[in-house]
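**Q** Dropping a structure here in structure tokens format, bear with me for questions.
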Amino acid sequence: MARILVVDDTKDSRNMLVALLECENHKVMTAKNGEEGLDILKMESLDLIISDIVMPIMDGYEFVHKLRTELSIDIPIIFYTSAYSQSEAKQIVETYAIEHILNKPADPKEVLLLVDQILNQSKENQAKSNSLQESDFKQAHTSVLSNKLVEKIAELAETSNQLEEIRQYHDLILKSVGEGICGVNLEGNIIFVNPAAAQMLGYKEEEILQQPFHQIICNPTMNAEHLPVNCFVLKILQTGSTSLHQEKTFWHKNKSSFFVEYSSSPILQEGKVKGSVVCFRDITERKQMLKALEDERALLARRVQERTADLSIINAELIKANRLKDEFLASMSHELRTPLNAILGMSEILKEGIYGSLNDKQLKSIKTVEESGQHLLSLINDILDVSKINAGKIELDIDAVEIESLSEACLRLVKQLAYQKNISITSKISNNVQNLRADSRRLKQAIVNLLSNAIKFTPKGGSIGLEILGDEENQIISFVVWDTGIGIAPEHLEKLFVPFTQLDSSLARENVGTGLGLSLVKGIAELHGGGVKLESDLGKGSRFTISLPWYKLNKKILSPTKQIAKAKPISVEKVLIIEDSYSTFTQVSRYLVDIGSKKVELSDGSTVLEKAIELQPDLIILDILLSDLLGITGWDILKKLKADSRTEKIPVLVISVLDEEIKSKTLGASAYLLKPIARENLTFALHKIGYESSKNTEPLEIETPEISYKLLIVEDNQYNLDIIYDYLSSHKYELVVARNGKEALDSAIENNPDLILMDVQMPGMDGLEATRLIRTREELKKTPIIAMTALAMPGDRERCLQAGMDDYITKPIDFKKLSQMIKKYLTT
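Each number in our numbering comes from the position in the sequence shown (counting from 1) with 11 added on.
Put into structure tokens, the structure is as follows:
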């Protein structure tokens, strides 16, 4: 068993060495730094020291230097540290006369082996030294046997010399030690003091000998004639206990104070306390350093807090910016889809000849308008899709997908484009690929995007192809789209999948687009847990590969479209449409009549629950954005319908310019369509919720007057005028139009209408002034005038009636309510 000192400021490292060495039955002492290590060495005899190098207060180098020079202790030392390079190891060993350096963290076996080797070597060296001393002693003893007197004299002289050496050695120790050391007798007076103590206290040694210790170190303003009861020196003299490392304030001769760490131990003689030894060191500098460190920590904490606050502000701004972006996109979708809905709806009406037949030039123009509208709609959809993918707001509708049907659908969508450029299309499906689980619509969107790009960038007469490959070993299915087009330069590959980026400005001029297509493809692939890669040779062509996890089904399946086609047909005889746009109502009504609906009714939403309960329709078609004047939204209506047991089972098809499919289905909607609505999309949505066309073409029920009446419509907004005109003309009314108050007055005088529909807010002469002037004409005093206005504030109705109007209806107009109002005034 050996006595070993471990000097290390790291608790974990210190505890590891203690546990390791104590397992070998060694007695282990510890110190946190070099100063503590020196204190222990002054009181203990040790066999080995294991010391760290980098430590606070006193590092390993200074510790070893003072150990060798000031204390003259020569025992084996191991440096255990990570603060050196291999090239420095030899120089450190030689310079500081240590045995070895171990690199943190070391293998425990390596530590124990090195400790055993050094301890064994130390024992051998000690044995040799003892043997030599014994031999010398025998030789000396033999030489003095002849003269005992000489021996006695020599012995006494040697003893005297030893005592002198010991005294000198003790004096040297007291003078050499950097700590202050004082001896105190039972009366509390200083009986010895070393130079370091005297210097720290500001006295000469002879000035404080025999002086009361407490009076020397205490506050000069205190009455120091007696020892206070809590004096630590007095406690030691009374109890014989040891006090270690207590922080205390000592006072200098010049009445300034300084902080010390001290230890006070009793002087024992035959078990009795004869006095005490007080050791102390000035820690003022350390306290200042700790104070500076605390101030630095406080400053750092304040800076971190300020930085955190700045980051919070930035984060809040980012959240706000993201919210504003979402709001902008939603607003953009609404503002663009609304006019597109009218453009595409009117184009379809004109193409179908509802307003009369068109010549070839007119049809060609209408087709151009429709194609341009569809192009704008596809751009809006792409922008919103990319935004939703980036924001993580797209949820996939995972279902079984039949590969062959998917391939046919994709090729069918691009076949016409390829035909126009005389580009040949080929397809190839591996024999082992029949189906997978994926979002069919999104996957088709990605593949069609790649095929469209291949056609766009392939010269006339070139070739493109679609290959679908299955890797059963790695469970990966790949959709490869290749072409013989212009290819892509290597320096452009990094920008390829960045939204709104096109590779070349000249290409951007030759091939229109937003640069969103490939970004969408990448996003859709990643949503499925896959990815996209590209191989391309400039001038020879490109090869895009979408790789997805292949979740196969064990049996042959039908595509979702074919499954819907095989669903049990259910007629849609009665439909309730909740919509504040009459043009959308007429468009959807026309589609419904074509697929067999017998009764289609319109509601603006204010009494929809009562109407739905009364009608018990087979289907409810609901717009989300209704007029603010109603004080109710489509979401509120959907919640009410699904919360009432009398209507909760009626399927609801949501149509809106808002892209809120997930929210709609969460609230109970059966299907969702984005405006503008195409006939085939409506038909597919109806099939998807379980309905099929009954091929019944009975006309929509419309009440028509038995006799013809002449109506004057006064409206300055052409869009509103067209819708009102179309609705009323279908009721066989004779219609006259005026676009401002002046025209209204002139037309009323000229045509003497049976009823006037008067807009209120118009440029020049408004509806109120026009009404007052009309009422001045004798022949028009009793002509019914109905106000049509967006004014719905308190008092607006009264102002209209005071101006001479008979009734009042707010925009957007409930046409059924308007029809009933007109009928009331014409038949009374």
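Just so you know, even glycine gets a beta-carbon here, dropped at the ideal spot from N, CA and C.
Measuring alpha carbon to alpha carbon, tell me which of Glu198, Gln221, Pro223, Thr260 ends up nearest Met211.
**A** The residue with the shortest Cα to Cα distance from Met211 is Thr260.
**Q** Which same chain residues, not among the five before or five after Glu745, have their C-beta less than 6 angstroms away from its C-beta?
**A** Answer for Glu745: Ser719, Lys721, listed in chain order.
**Q** Going along the chain, which residues of its own chain have a beta-carbon closer than 7 angstroms to the beta-carbon of Pro67, five neighbours each way excluded?
**A** These residues qualify, in order along the chain: Asp20, Asn44.
**Q** Determine the closest residue to Ser638 out of Leu351, Tyr72, Pro470, Thr821, with distance taken between C-alpha atoms.
**A** The shortest C-alpha separation from Ser638 is found at Thr821.
**Q** Using beta-carbon positions only, say whether Gly498 and Asp548 come within less than 7 angstroms of one another.
**A** The answer is yes: Cβ separation under 7 angstroms.
**Q** Tell me the residue span of the beta strand (DSSP E) that contains Ser617.
**A** Segment: none, Ser617 is in no beta strand (DSSP E) and carries neither H nor E.
**Q** Please classify Val204 as buried or exposed, where buried requires at least 16 neighbouring CB atoms within 10 angstroms.
**A** By the 10 Å Cβ count, Val204 comes out buried.
**Q** Following the continuous beta strand (DSSP E) through Glu272, name the residue where it begins and the one where it ends.
**A** Counting along the chain, the beta strand (DSSP E) containing Glu272 begins and ends at 268 to 280.
**Q** Give me the Cβ distance between Met799 and Met769, rounded to the nearest whole Å; I'm assuming they're in contact under 8 angstroms.
**A** 7 angstroms between Cβ atoms; contact.
**Q** Mind checking Ser675: buried by the 16 CB within 10 Å criterion, or exposed?
**A** Ser675 should be labelled buried.
**Q** Should Leu16 go down as buried or exposed, given a rule of 16 or more other Cβ atoms within 10 Å for buried?
**A** Flag for Leu16 reads buried.
**Q** Give the straight-line distance between the Cα atoms of Lys793 and Leu664, rounded to the nearest whole angstrom.
**A** Straight-line Cα distance between these residues: approximately 45 angstroms.
**Q** Count the C-beta pairs between the stretch 185 to 194 and the stretch 206 to 223 that are closer than 8 angstroms, then say yes if the count reaches three, no if not.
**A** Touching, per the Cβ criterion.
**Q** Could you check the C-alpha separation between Ile688 and Val586 for me, to the nearest Å?
**A** Cα to Cα, Ile688 sits roughly 17 angstroms from Val586.
**Q** Which of the three DSSP states is assigned to Asp371 in this structure?
**A** Looking at Asp371 - three-state DSSP - the assignment turns out to be helix.
**Q** Considering Cα atoms alone, identify which of Phe90, Leu310, Asp127 is closest to Glu110.
**A** Minimum Cα distance to Glu110 is reached at Phe90.
**Q** Count the other CB atoms, across all protein chains shown, that sit within 10 Å of the CB of Met832; report buried if there are 16 or more and exposed otherwise.
**A** It counts as buried.
**Q** Who are the Cβ neighbours of Asn114 in its own chain at under 7 angstroms, not counting the five residues just before and after it?
**A** Cβ within range, chain order: Ser93.
**Q** Does the stretch 416 to 432 come into contact with the stretch 378 to 392, if we say contact requires no fewer than three beta-carbon pairs (one atom in each stretch) closer than 8 angstroms?
**A** Segments in contact, no.
**Q** Are the CB atoms of Arg750 and Asp777 nearer to each other than 7 angstroms?
**A** It is not a contact, given that the beta carbons lie outside the stated cut-off.
**Q** My understanding is that Ile466 touches Val425, with C-beta atoms under 8 angstroms, so please give their C-beta distance in whole angstroms.
**A** Going by Cβ atoms, the distance from Ile466 to Val425 rounds to 6 angstroms, so yes, they are a contact pair.
**Q** Could you have a look at His111 and say whether DSSP puts it in helix, strand or coil?
**A** His111 falls in the strand class under three-state DSSP.
**Q** Taking C-alpha atoms, which residue in Asn446, Leu428, Leu603 lies nearest to Ile409?
**A** Of the candidates Asn446, Leu428, Leu603, the one whose C-alpha sits nearest the C-alpha of Ile409 is Asn446.
**Q** Quick one: what does DSSP say Ser570 is sitting in, helix, strand or coil?
**A** Low confidence applies to Ser570: its pLDDT is 49, below 50, so where it sits in the model is not reliable, and the reading given next is rough at best. In the structure shown, Ser570 sits in coil (DSSP, three-state: anything other than H, G, I, E or B).
**Q** Considering Gly752, what are the terminal residues of the alpha helix (DSSP H) in which it resides?
**A** First-last of the alpha helix (DSSP H) with Gly752: 752 to 762.
**Q** Starting from Val29, trace the alpha helix (DSSP H) both ways and give me its first and last residue.
**A** Counting along the chain, the alpha helix (DSSP H) containing Val29 begins and ends at 22 to 33.
**Q** Considering only the alpha carbon of each residue, which of Asp807, Leu57, Gly496, Gly541 lies closest to Asn485?
**A** The shortest Cα separation from Asn485 among Asp807, Leu57, Gly496, Gly541 belongs to Gly541.
**Q** Could you pull the start and end residues of the alpha helix (DSSP H) that Arg423 belongs to?
**A** Here the alpha helix (DSSP H) through Arg423 covers 414 to 431.
**Q** Tell me the DSSP secondary structure of Ile824 in three-state form.
**A** In the structure shown, Ile824 sits in coil (DSSP, three-state: anything other than H, G, I, E or B).
**Q** Can the beta-carbon of Met12 be found closer than 7 angstroms to that of His37?
**A** Yes, these two residues count as a Cβ contact at 7 angstroms.
**Q** In the structure shown, what three-state DSSP assignment does Asn326 receive?
**A** If DSSP states are grouped into helix, strand and coil, Asn326 belongs with the helices.
**Q** By how many angstroms is the C-alpha of Glu537 removed from the C-alpha of Ile673?
**A** Cα-Cα distance, rounded: 20 angstroms.
**Q** Let me know the alpha helix (DSSP H) ranges lying completely inside the stretch 58 to 86, each 4 residues or longer, listed in chain order.
**A** List check, alpha helix (DSSP H) in window: 71 to 80.
**Q** Count the other C-beta atoms from every protein chain shown that fall within 10 angstroms of the C-beta of Glu46, then say buried if there are 16 or more, exposed otherwise.
**A** Label assigned to Glu46: buried.
**Q** Going by Cα to Cα distance, which pick from Thr495, Thr556, Pro470 is closest to Gly481?
**A** Of Thr495, Thr556, Pro470, the residue nearest in Cα terms is Thr556.
**Q** Find the nearest neighbour of Leu531 within the set Asp605, Leu791, Ile202, Lys455, judged by alpha-carbon distance.
**A** It is Lys455.
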